[in-house]
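Scroll down for the structure; my scribbles are underneath it.
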Ligand SMILES: *C/C=C(C)/C=C/C=C(C)/C=C/C1=C(C)CCCC1(C)C
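Residue numbers (this note's numbering): 2 to 257.
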């Protein structure tokens, strides 16, 4: 247990150090509000990562992997935010490639979370994970191709939306949704419904950002980045907190 905490602290210290090394070449202007959101959110991701790794040991064994994955999601986002912040502050350009690399890693990890919290209470098929993974890959690849200019922006949007709808279908009406509904486990049902709401309402912010950024004429990099940044803050940190809360309640409070 102590070894794990030590490892978490060492990782975080290392990451903080690499962030500090980056800071000497990057100076944030006091009127760069988009840059400030990049900065604030990177610190939020760091705090959430430390929190999830430290809390992992306080929950029942079956829930630990879920809490660890929540920490991986915010930790990976933290590293990407340091780079995205640098690109934005230094060039004023949208850090599209770093953003999509981050999403390409963290969104599948969040899809694993749906599977893991079900697997913590019930025997479930791996098909749930694979279908959610395919939906997220379709959504993100289409979005990237559209944003980076490889395909028509509208086409990228439509295919991306189709991938998202497929994910929603699986968590509401597909096998995942059915297993959760039938589980009879209160903590699981609460967490699953909250995660599902995040994937529905919280995630809707991203296609809205895409619409404002690319489809309503003229890419406004400022609003696009603020929208994406706020969305990441909610969808990565709140998503993890929901899992952590379910894990604590399923473990009968915070007993050690
Ligand atoms: C941590 C990062 C997360 C949860 C990122 C989620 C991203 C999306 C839900 C993106 C969705 C998009 C569409 C539904 C349409 C096409 C454009 C995208 C990729 C922005």
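Using N, Cα and C, we set each Cβ at its ideal position, and we do this for glycine too.
Cβ separation of residue i and residue j, assumed to be a contact under 8 Å, to the nearest whole Å
i           : j           : result
residue 160 : residue 139 : 7 Å
residue 243 : residue 186 : About 15 Å; that fails the 8 Å criterion.
residue 171 : residue 197 : Incorrect: roughly 10 Å between the Cβ atoms, too far for contact.
residue 69  : residue 57  : 6 Å
residue 38  : residue 230 : 5 Å
residue 129 : residue 176 : 5 Å
residue 110 : residue 73  : 6 Å
residue 162 : residue 208 : 6 Å
Within 8 Å, strictly: CB atoms of residue i and residue j
i           : j           : result
residue 80  : residue 29  : no
residue 148 : residue 215 : yes
residue 181 : residue 193 : yes
residue 67  : residue 102 : no
residue 188 : residue 143 : no
residue 225 : residue 241 : no
residue 249 : residue 60  : yes
residue 223 : residue 35  : yes
Residue burial classification, residue i (beta-carbon count within 10 angstroms, cutoff 16)
i           : result
residue 233 : buried
residue 83  : buried
residue 46  : buried
residue 237 : buried
residue 120 : buried
residue 183 : exposed
residue 150 : exposed
residue 218 : exposed
residue 178 : buried
Contact test: residue i Cβ vs ligand 1 heavy atom, cutoff 7 Å
i           : result
residue 71  : no
residue 236 : yes
residue 108 : yes
residue 158 : yes
residue 78  : yes
residue 162 : yes
residue 233 : yes
residue 141 : yes
residue 207 : yes
residue 136 : no
residue 211 : yes
residue 45  : no
residue 91  : no
residue 144 : yes
residue 262 : What the structure shows of the chain is the stretch from 2 to 257, and residue 262 is not part of that stretch, so it cannot be assessed.
residue 104 : yes
residue 131 : no
Close-in-space but distant-in-sequence residues of the same chain around residue i (CB under 6 Å, 5 per side omitted)
i           : result
residue 164 : 136, 139 and 140
residue 93  : none
residue 105 : 141
residue 77  : 106 and 107
residue 152 : 146
residue 195 : 243
Own chain, CB closer than 8 Å to residue i, minus 5 neighbours either side, in chain order
i           : result
residue 239 : 199 and 203
residue 221 : 213 and 214
residue 158 : 143, 144, 147, 208, 211, 212, 215 and 216
Cβ-heavy atom distance, residue i to ligand 3, below 7 Å
i          : result
residue 96 : With respect to ligand 3, the structure offers nothing, as its ligand set consists of ligand 1.
Neighbourhood of residue i by C-beta, 7 Å cutoff - its chain only, sequence neighbours within 5 removed
i           : result
residue 85  : 39, 96, 99 and 100
residue 245 : 53, 56, 68 and 71
residue 253 : none
residue 49  : 75, 238 and 241
residue 191 : 247
residue 42  : 82, 230, 233 and 234
residue 134 : 109 and 112
residue 63  : 121
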